[in-house]
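Below is one structure, written out as structure tokens, with a few remarks after it.
In structure tokens:
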């Protein structure tokens, strides 16, 4: 009998706590505090193809300034300047592989940035 009374007491405490929390929630939602809790969804302005998103994050070897090229891993200011200089002297890069013609860029550096650059 003692266990039943303990269970009833715990159940009563749980119900009381649930009631108090429920009232508190009603007060918060009814008092204007719900502005702090509001979650809104925004419809996308337009859809973009995955390839377009990928290109937006990539660097175009034929139009990027030295500052942009210098953000690539392993490409500092000096090497970025060489890339721009090579492009100015020889014309646009025909492929990403042609980047190996720039002094200081070997297969290792090219492998590190290959997924981050493209040519147009």
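Numbering (our numbering), first residue to last: 6 to 125.
Backbone N, C-alpha and C define an ideal beta-carbon position, used for all residues, glycine too.
Residue environment, residue 69, which counts as buried when at least 16 other CB atoms sit within 10 Å: Classification for residue 69: buried.
Straight-line gap, residue 92 to residue 77 (C-alpha atoms, nearest Å): Their backbone Cα atoms lie some 17 Å apart in a straight line.
Delimiting residues of the alpha helix (DSSP H) encompassing residue 119: For residue 119, no alpha helix (DSSP H) encloses it, and the DSSP letter there is neither H nor E.
Residue 88 - containing alpha helix (DSSP H), residue span: It spans 82 to 95 - the alpha helix (DSSP H) in which residue 88 sits, taken as one unbroken run.
Terminal residues of the alpha helix (DSSP H) in which residue 102 lies: That residue, residue 102, is in no alpha helix (DSSP H); it is neither H nor E in DSSP.
Residue from 108, 100, 72 and 109 with nearest C-alpha to residue 120: Ranking 108, 100, 72 and 109 by CA distance to the CA of residue 120 puts 100 first.
Beta-carbon spacing of residue 114, residue 79 below 8 Å: Cβ distance < 8 Å, so residue 114 and residue 79 count as in contact.
According to DSSP, residues forming a beta bridge with residue 65: Answer by DSSP bridge pairing, in chain order: 123.
Separation of residue 95 from residue 122, as counted between CA atoms: Straight-line measurement puts the Cα of residue 95 at about 18 Å from the Cα of residue 122.
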